[in-house]
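A.B. asks:
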Amino acid sequence: MAKKRHSGQGGGGCSSGVGTGRRDDRRYDSRSRSRLRCGGNEDWPPRATGRRPSCRRRRKAFAVYDSRERRSGGPHGGVHRLRDSREVRGGRAHRFADAHAVRTRDGGGGGCDGCREPPWRPPLPQRRSRSRSRRGGASLPTPPPPLRLPPPRPPPPPQRAPSMSAWSQDRIVQVKQKDGFACQGSSSGTSATERKAPTCARNGDRTGCASRSGTGSGSMSGSNSDDDEIIHFSWRKGMVMNSKYHLAKLLGDGTFGRVVLAHDQCSDRQVAIKIIRDVKRYMDNAKIEADILKDIRQADPDGTSGCAIMYETFTHEQRFYCLVFEPLGASLYDFLKGNCFRGFWMQDIQSFAQQCMQALMFLHGHLRMTHTDLKPENILLQSMKPPHADRFPREAEWLRRGGPSSSSKGQAVGGYLRPASSRIKLIDFGNATYEDEHHSSIINTRQYRGPEVLLGLGWDERSDLWSIGCILMELYAGEQLFATHEELEHLALMMRVIGAIPAVMLDRASPAARDGYLTQDPRTGRWRLPWPERASSASSERHVYSQRPLLEQVLPEHVVFADFCRELLALDPRRRPDAADALDHDFLRACFRD
């Protein structure tokens, strides 16, 4: 039977001649056919056109390729050299070249002396068990050492949501140079952890707290915007705005703009000018709040309502929208922070509570308006006089609860400061909502949000009473009553501190609340709070069970204060008193020595 010849183009080898059908070719076909059958290639036989190179020529081709790999420093150079040396010595170079001829038959170049390109080599896995070749070759590339990752960080603390008010981002500054106490309202974007773990150190002054509100630019707030750079209005001392305001001092910078202290030549008084950045969304929000402040000013021309007074608005150079306010002192949060979160005197808390009820009675009764964002950052001291040193009457109780922080135990704590006056003002009306306006589903900063908002039951002006109850307990203890960052844990804290949530409220919860953090009892069909079986972590469960009931969080002589807060913190909003009724509570008529 005649031998069948194979001819074609492309390459299994050099095109130096025409292949003949010899016995070597039959052995070549049978050996490579089994190899290709395992690889799944059904196109057989190869169309090789040249005579297979001899062993000497193949060794030379391997040597050329190895030298190129060694010079190029390819990722598999050392591996190929190791395998090439073993296969040439063991007589397996024929099979390697045969398989290579089949793989490269369509691409040209078989790897002999006449080819320009080196033969294709299949990548081999790195051998970790052998570091050198048998002939003393170069070391194989060693794998990189394992990465040593740092220990996982704890979950981030609950963050205070930044307010959208133009005025609340910057507080009026007062600095007492003698003792270093800075009265400046920080932005509402301060984290809640700063309250719970301040670091107090021995520094020789009366303040004693290392973390203070600064008066420098940019120390008040970060930008909420990711697409624009914070560029503030460029001012200079002595500059005149609106033909009568002489700028005197920079009071602070924030997200929405900067506050500058100025002198009004017409009325001969000091004012605080809030200069909004030249960003449309910031100016639109500032104009919304300005309209609300105009309504407040019109209903309270004498400024006795306890709400911030805005004198006027104007536009500077047709670019910068400006709001002119009365200058105010530090926020209650800044004062807490300045005293290492030791709380206020009960006399001051009583005065704060009475003024808050009077301001809410004005907002709810006269204007039919809900503030919706009450928190210590949005309550400012009215006086700009420096505070005075005094003792803290609940120092022993404060130290028993842990003091400033674990890192500063055993160190002396700085002196306690009391405000010069307990008169306050409510600010930040950018989110205030009238009774006949649309009520958004979510209001308040999380830690001061009522259960009716969490359960999606709708809200009214009594949600402000809940916020005041949380604030008063924080001013007493120095830490948040509901320090949390998730809804299920928040509701569990309410049940732990106040009591069980009424079943009628759980049954009327919105579908979103039911799907998010409620479960239905299959036997009774009633909805309940799945705690602790659905707690996010063991630390969350411990945090909830570490809280004490409300009446146990105050001293025995302050039980009347706890009863006042308990009424404001009624879980059912229909059981909360309105602001006028709260003014008749015994707590506001009691006499305290501290």
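For the sequence shown, the residue numbers in UniProt numbering are 1 to 594. Glycine included, every Cβ here is placed at the ideal spot set by N, Cα and C.
In the region 300 to 349, which residue ranges form an unbroken alpha helix (DSSP H) of at least 4 residues, counting only runs that do not cross its ends?
C.D. replies: Those alpha helix (DSSP H) runs which fall completely within the region 300 to 349 and span 4+ residues are 332 to 338.
A.B. asks: If you follow the alpha helix (DSSP H) that I468 is part of, which residue opens it and which one closes it?
C.D. replies: Taken as a continuous stretch (DSSP letters only), the alpha helix (DSSP H) holding I468 covers 462 to 477.
A.B. asks: Taking contact to mean 3 or more Cβ pairs, one atom from each stretch, closer than 8 Å, check whether the region 563 to 573 and the region 330 to 344 are in contact.
C.D. replies: At 8 Å Cβ cutoff, the stretches do not touch.
A.B. asks: Give me the Cα-Cα distance between C307 and R534, rounded to the nearest whole angstrom.
C.D. replies: Answer to the nearest angstrom: the Cα atoms are 42 Å apart.
A.B. asks: From this set, I349, H316, A477, which residue's C-alpha is nearest R593's C-alpha?
C.D. replies: Here the closest residue by C-alpha is I349.
A.B. asks: Counting Cβ pairs, one atom from each stretch, are 3 or more of them under 8 Å apart for the region 238 to 245 and the region 313 to 328?
C.D. replies: Flag = yes, the region 238 to 245 and the region 313 to 328 touch.
A.B. asks: How far does the beta strand (DSSP E) with A579 in it extend, from its first residue to its last?
C.D. replies: Unbroken run through A579 is the alpha helix (DSSP H), 579 to 582; no beta strand (DSSP E).
A.B. asks: For the alpha helix (DSSP H) containing V279, list its first residue and its last residue.
C.D. replies: From DSSP, V279 is part of no alpha helix (DSSP H); its letter is neither H nor E.
A.B. asks: Please state if the CB of G414 and the CB of H439 are separated by a distance shorter than 8 Å.
C.D. replies: The answer is no: Cβ separation not under 8 Å.
A.B. asks: To the nearest whole angstrom, what separates the beta carbons of L251 and V259, a pair I think is in contact under 8 Å?
C.D. replies: Yes, they are in contact, since the Cβ atoms of L251 and V259 sit about 4 Å apart, within 8 Å.
A.B. asks: Does DSSP put W527 in a helix, in a strand, or in coil?
C.D. replies: Correct three-state label for W527: strand.
A.B. asks: Could you tell me whether the Cβ atoms of A512 and G456 are closer together than 8 Å?
C.D. replies: Contact flag set, yes.
A.B. asks: Between the region 337 to 346 and the region 253 to 272, are three or more C-beta pairs nearer than 8 Å?
C.D. replies: Too few Cβ pairs lie closer than 8 Å, so no.
A.B. asks: Could you spell out the range, first to last residue, of the alpha helix (DSSP H) harbouring R394?
C.D. replies: First-last for R394: undefined, no H or E at that position.
A.B. asks: Skipping 5 residues on each side, what residues in its chain have a beta carbon closer than 6 Å to that of Y311?
C.D. replies: Taken in chain order, the residues that qualify are V324.
A.B. asks: Within 10 Å of its beta-carbon, does A582 have 16 or more other beta-carbons around it, so buried, or fewer, so exposed?
C.D. replies: Flag for A582 reads buried.
A.B. asks: Would you kindly check if the distance between the Cβ of I273 and the Cβ of A262 is under 8 Å?
C.D. replies: Yes. Within cutoff.
A.B. asks: Do you know offhand how far H316's Cα is from Y448's?
C.D. replies: Cα-Cα distance, rounded: 37 Å.
A.B. asks: State the DSSP-derived secondary structure class of R128, mapped to helix, strand or coil.
C.D. replies: The predicted model places R128 with a pLDDT of 48, which falls under 50 and marks its position as unreliable; any figure quoted below should be read in that light. Residue state, collapsed to three classes: coil.
A.B. asks: What are the boundary residues of the beta strand (DSSP E) that includes H246?
C.D. replies: Per DSSP, H246 belongs to the beta strand (DSSP E) from 245 to 253.
A.B. asks: Measuring straight from C-alpha to C-alpha, what distance separates K375 and R319?
C.D. replies: Those two C-alpha atoms are separated by around 32 Å.
A.B. asks: Are the CB atoms of I292 and S305 within a distance shorter than 8 Å?
C.D. replies: Result no, Cβ atoms of S305 and I292 do not sit closer than 8 Å.
A.B. asks: In angstroms, rounded to a whole number, what distance separates the CA positions of D436 and R269?
C.D. replies: D436 and R269: Cα-Cα distance of roughly 37 Å.
A.B. asks: Using the three-state DSSP reduction, which class does V453 fall into: helix, strand or coil?
C.D. replies: Helix at V453.
A.B. asks: How about G516 and E552: do their beta carbons lie closer than 8 Å?
C.D. replies: In this structure, E552 does not lie closer than 8 Å to G516 by Cβ.
A.B. asks: At the level of alpha carbons, what is the spacing between F314 and L550?
C.D. replies: If I take the Cα positions, the gap works out to 48 Å.
A.B. asks: Going by DSSP, what residues sit across from Q520 in a beta bridge?
C.D. replies: Beta-bridge pairing links Q520 to W527.
A.B. asks: Return yes when the Cβ of L481 is within less than 8 Å of the Cβ of M473, no when it is not.
C.D. replies: In this structure, L481 lies closer than 8 Å to M473 by Cβ.
A.B. asks: Going by the DSSP bridge assignment, what does A434 pair with across the sheet?
C.D. replies: The question names Ala, yet the displayed sequence has Tyr at residue 434. Answer is M369.
A.B. asks: Give every residue of the same chain whose Cβ lies closer than 7 Å to the Cβ of Q265, excluding the five residues on either side of it in the sequence, and list them in chain order.
C.D. replies: Cβ neighbours of Q265 beyond the five flanking positions: K244, H246.
A.B. asks: Pull up the DSSP beta-bridge partners for Y416, would you.
C.D. replies: Note: Y416 sits in a beta bridge opposite D390.
A.B. asks: Taking the alpha-carbon positions, what's the A299 to M494 distance?
C.D. replies: Taking the straight line from one Cα to the other gives about 37 Å.
A.B. asks: To which residues of the same chain is E452 closer than 6 Å at the C-beta, ignoring the five residues directly before and after it?
C.D. replies: Once the five neighbours on either side are set aside, the close Cβ partners of E452 are W459, P573.
A.B. asks: Check whether the Cβ atoms of F352 and I424 lie closer than 8 Å to each other.
C.D. replies: A contact, by the Cβ cut-off of 8 Å.
A.B. asks: Straight-line CA distance for K385 to A420?
C.D. replies: Approximately 6 Å between the Cα atoms of the pair.
A.B. asks: Could you give the distance in angstroms between the alpha-carbon of D390 and the alpha-carbon of L381?
C.D. replies: If I take the Cα positions, the gap works out to 18 Å.
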